[in-house]
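The structure appears right after this line, and notes come after that.
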Amino acid sequence: MRLFYLLGYAAIAVFGYGVYVQIRKYRRGAALKLDGSFQARLGDMIGKVLSHRTIARRDPAAGAAHRLIFYGFALLFIGTSTITLQYDILDPLFGIRFWHGKFYLVFSLVLDVAGVALVGGLVYMMYRRRWLRLPKLDYARPDRAPGDPDFDRPQYRREDWAFLWILVVIGCTGYLLEAARLVWLQARPDVWDTRWWSPVGALIAEACRALGMTEHGGALLRHGLWWFHGLIALAFIALIPFTKVKHIFTSAASLMVRDPQAAQRLPRIPESQAQAGVAKITDFNWKQLLNLDACTKCGRCHEACPARAVGAPLSPRDVILSLRDFAKATLESGAIPEAAELDVHGKAPGQVAQETLWSCRTCMACVEICPVAVEHVPVIVQMRRKLVEDGAMDPLLTKTLQTIHKTGNSFGESKRKRAAWTKGLPFPIKDARKEPVDVLWFVGDYASFDPRNQKVTRTFAALLHEAGVDFGILFESESNAGNDVRRVGEEGLYEVLANANVAAMAGASFKTVVTTDPHSYNTIRNEYPDFGGRYEIQHYTSFVKQLFADGKLRVTSPLTYRATFHDPCHLGRFNKGYEAPRDVLKFLGCELVEMGRSRANSFCCGAGGGRIWIPDPIGSEKPAQNRIKEAAAIPDLDVYVVSCPKDLTMFEDALKTTGNEGKFVVKELIELIREAIPVHRPEEVPA
Amino acid sequence: MKILVAVKQVAALDEDFEFRGDGRDVDPDFFIRDLNEWDDFSLEEAVKIKEASSTPVDVVAVSVGPDDVDEVLRKCLAKGADRAVRVWDDAIEGSDPIAIARVLAAVAKHEAPDMVFAGVQSSDQSFASTGIATAAFLDWPHAAVVSELNYAPGAKTAVFRRELEGGLLHEVEIQCPAVLTIQLGINRPRYASLRSIKQAAAKPIEVLSLADLSLSAADVGEAGSASRVRRMYMPDKGRAQLIEGDAAAQAERLAAIIREFKGDSA
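For the record, the sequence lines run as chains A and B.
Heads up, the final residue of the first sequence is numbered 687 in our numbering, and it's a clean run with no missing numbers.
Heads up, the final residue of the second sequence is numbered 1266 in our numbering, and it's a clean run with no missing numbers.
Pasting the structure below:
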């Protein structure tokens, strides 16, 4: 008995040391001050853990199984702890004993059920891994080739199975112990008569007796098993900080430090920091290092990633796991290795390759679905900042950034031509710099310069005009909003653009900002406040919905199209603008058929994160093509509706390149509104 | 060791530009200014040599122009130049490439570099003579249109290749110091991030006057120039037209045009 206590203390000591090593690892990261109250964060985390809301999303079976494991494990842990509490603390010190009578019986029933839940959940998880062979649980990496040392990482699989088996064995030996005790003490009525309060144990005991086990046999079995069960349990505790078991703590902590705006509002580079972005593992902040350890390899980000889906060398899961392995190799030993060994950029195991970082569309699908609040997008963008600083990027992207710096737009057009689309409109557009307006329309680059989108822009201007909206634009004082420049990682240029736009808007008098561009919408709404620009801003979909609700726009010839709607990343996932465009489609009379991947699970067109300026590799499928194929599977589809200028460009192109031209059309929602409210004859347009 | 890189701020035309009052140039209000593309390559070549060298190398960017030229010099500093020198005096206004070369040669004497790089030409004026004229003033060996260079700072000679007509390459060994004009494509110029440009703003740009270089107003401007721009203008539009229709209609139309040209009245 004394030996067991000694081993117990040793296990706790190993556990404690492991916790110390982990915390020391996180503290080796950069500093970060969290905002928001501790209580609110704690409450949010507890809510998510208890409800398993985030784990059940898009995989209810895994959610249910994990819930069984979690509650089974938690109850058994609490049960065992209370036994220890009485046996080792309360009874010897104060003579308090509560483990008897009715309480004991109810408790043994609860723990028996908890054990069933635990083992049942674990067995289902084994079934998933062994028989369902879910692609998201395949550890083969799209950014490595077979034969690379970290290609499919069999050590991960071994750890997964060891984890499942150790818990199954602990659970099952617990039942056997219970049964052996019953067989051993079958002569004692206080034990035997209440045996059905632990039904599984009793059932096994009956079976053992039927097989001829004697009281003596039961005693022997119990003695041997007791040690076996105890030692495995102690080993499990000792191993927690060194294995995936630590997710119990790291995932909970990660949920607690979650930033709900992680992808929407990227961090600024502090004035005091000379270097831009992340070069070394220690440039990540402690929260990001914790994020790495929170990952449970569930593969949901891997499954949701549009880059991965089209075979690009990126899986958000593997970025995180690679960096985790890197942090483990470098930051868990006593002394931190030299700076040269901390470089996270490259192709060696643990490092992240340039091509991987440049494959990202910053569409936020990974961040959005992660059940444990891993924030991949800021990690990738901060690593890109370093690449931009080194000039390690596609030459075309370099050219575009230089162009944006020079002209304020990505089309390389003269600033003076920014409002050229207004020429030929039958009514003047107010210059918001010169006269006050109700609505400042932030037009954005694509809507201003791209010829196809200019048509939509003119239509929207006409609709606003006909609805009697008092609006104006900034003409050549408007610059590229910078959303994508920031996501490329060119933070200095972003600062220039954001400051220029904030200054231009400060020179105008308006009540609210409206834009047709979800990218501009996101950065103005979520990021300009950090630059002193705080505005009430709406995407046009919600603004138009209000115009319909107020009767300022009326459908005069309802549409009968069968339509599907593509949620733009920056409107939907980023800013939860799911309903307004759908409501407008209903107002117009369209029949809305949803694609399998919609709303939060919308599939990026591939243009985000600056990828619109980087050519996709020839021959490979583009995300927009993948998406159009999904829409093409909808029977009798008439219109694929978009509400983002970049989407219009990407999907009209994909419609042609996938050979679906003529089967259905890609249209801006604005164009459908125009169709449902036919144009007045020029003479009817109020001057 | 030192490499002097001559750079120029060039002007690109904005949409709908107008000419200056005297009709000899475009109104500067319609310019979008930037670092000359060729100079981007020659600066990159110098910085690459510096980075590959075991001995310390100073890369000095020099430009002739008023204070708004500091913008391109800051870009050079951001891309890895160690120092930036700008020469200006109002008398320099109106200089042709020969007068500018006289100033650059004076800077080279002042700085005593081991090598001088210039771009083959500037994208706005395309004289392609500044670099070579600088060599003439210095009386140094020179070569134009260098497309590949092998040079170790401090070496007595450098070996380079030049592209000739018909896909021929010219491999040349040259005595140092020398003046080389660098061709596009010799390397891949790095990107100067906005942050690095901002940080470069903290580095000083040395401003030299004519007096600092022992030059006088007569050496520069129109007085020191060998040529003078008389007029800048937009030529009349050509008269190309597309003839449509089938072969017979096209032939008929073509014949009519020829007759019209000959002055025949059909």
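Backbone N, C-alpha and C fix where the C-beta goes; we use that ideal spot for every residue, glycine too.
Quick one, are the C-beta atoms of residue i and residue j less than 7 Å apart?
i          : j          : result
Gly424(A)  : Arg1190(B) : no
Gln625(A)  : Thr649(A)  : no
Ala420(A)  : Gly444(A)  : no
Ala1128(B) : Leu1004(B) : no
Asp1114(B) : Met1001(B) : yes
Pro1153(B) : Ser1053(B) : yes
Thr541(A)  : Ser448(A)  : no
Gly63(A)   : Ile55(A)   : yes
Arg28(A)   : Thr243(A)  : no
Thr1130(B) : Pro1097(B) : yes
Ser359(A)  : Pro306(A)  : no
Phe1041(B) : Ile1182(B) : yes
Ser315(A)  : Pro142(A)  : yes
Glu491(A)  : Ile269(A)  : yes
Val641(A)  : Lys667(A)  : yes
Leu1073(B) : Ser1063(B) : yes
Phe510(A)  : Val456(A)  : no
Leu234(A)  : Ala11(A)   : yes
Assuming the contact rule is C-beta atoms closer than 8 Å, residue i and residue j should be a hit. Round their C-beta distance to whole Å, please.
i          : j          : result
Leu497(A)  : Ser479(A)  : 5 Å
Gly346(A)  : Ala329(A)  : Incorrect: roughly 14 Å between the Cβ atoms, too far for contact.
Val1270(B) : Val1220(B) : Shown here, chain B extends from 1001 to 1266; a query on residue 1270(B) therefore has no answer.
Ala263(A)  : Val377(A)  : 4 Å
Leu588(A)  : Leu559(A)  : 5 Å
Lys136(A)  : Gly299(A)  : 3 Å
Tyr139(A)  : Tyr127(A)  : About 18 Å; that fails the 8 Å criterion.
Arg1195(B) : Glu389(A)  : 7 Å
Report buried or exposed for residue i, applying the criterion of at least 16 other Cβ atoms within 10 angstroms of its Cβ.
i          : result
Asn575(A)  : buried
Ala687(A)  : In this prediction, Ala687(A) has a pLDDT of 41, which is less than 50 and means its spatial position is unreliable; nothing more can be read from the coordinates.
Asp470(A)  : exposed
Tyr87(A)   : exposed
Trp196(A)  : exposed
Thr214(A)  : exposed
Leu463(A)  : buried
Asp1089(B) : buried
Leu32(A)   : exposed
Asp1236(B) : exposed
Ser410(A)  : buried
Pro1066(B) : exposed
Ala348(A)  : exposed
Pro645(A)  : buried
Leu1013(B) : exposed
Ser251(A)  : buried
Thr556(A)  : exposed
Run through chain B and tell me which residues come within less than 8 Å of residue i, C-beta to C-beta.
i         : result
Val496(A) : Leu1194
Arg416(A) : Asp1014, Glu1015 and Asp1016
Glu490(A) : Ser1193 and Leu1194
Val502(A) : Correct list: empty, because the minimum Cβ distance to chain B is about 16 Å.
Leu401(A) : Tyr1191
Leu357(A) : Here the premise fails: no neighbours, minimum Cβ distance about 15 Å.
Leu396(A) : Per Cβ cutoff of 8 Å: no residues; Leu396(A) is ~12 Å from chain B at best.
Does the beta-carbon of residue i, which I'm using as the reference point, lie nearer than 6 Å to any heavy atom of the ligand ATP?
i          : result
Lys1156(B) : Because no ligand of any kind appears in the structure shown, any question about the ligand ATP cannot be addressed here.
What does residue i touch in chain B if you count any residue whose Cβ is under 9 Å from its own?
i         : result
Thr243(A) : Within chain B, no residue comes near Thr243(A); the closest Cβ sits about 41 Å away, beyond 9 Å.
Thr422(A) : Those within 9 Å of Thr422(A) in chain B number zero; the least Cβ separation is about 15 Å.
Using a C-beta to C-beta distance shorter than 7 Å, which residues of chain A count as neighbours of residue i?
i          : result
Arg1190(B) : Gly391
Show which residues of chain B have a CB atom less than 7 Å away from the CB atom of residue i.
i         : result
Leu76(A)  : Chain B residues near Leu76(A): none, gap ~54 Å exceeds 7 Å.
Lys406(A) : Ile1032 and Asp1034
Val381(A) : Here the premise fails: no neighbours, minimum Cβ distance about 14 Å.
Residues within the region 1233 to 1261 of chain B neighbouring chain A, beta-carbon criterion of under 8 Å: none
Members of the region 1021 to 1043 of chain B near chain A, C-beta cut-off 7 Å: For the region 1021 to 1043 of chain B, the set of positions with a beta-carbon nearer than 7 Å to some beta-carbon of chain A reads Ile1032 and Asp1034 in chain order.
Residues of the region 572 to 589 of chain A whose Cβ lies closer than 7 Å to any Cβ of chain D, in chain order: The structure shown contains no chain D; the protein chains it does contain are A and B.
Contact list for the region 255 to 283 of chain A against chain B, Cβ threshold 7 Å: Ala276
Chain-ordered residues of the region 536 to 547 of chain A with a beta carbon less than 9 Å from chain B: The region 536 to 547 of chain A vs chain B, Cβ under 9 Å: nothing.
Near-chain A residues of the region 1198 to 1213 of chain B - C-beta to any C-beta below 8 Å: Interface annotation for the region 1198 to 1213 of chain B against chain A: Lys1198 and Gln1199, criterion Cβ-Cβ distance under 8 Å.
Chain B contacts from the region 443 to 465 of chain A (Cβ-Cβ distance under 9 Å): none
Near-chain B residues of the region 80 to 112 of chain A (beta-carbon distance less than 7 Å), N- to C-terminal order: Answer set for the region 80 to 112 of chain A: empty.
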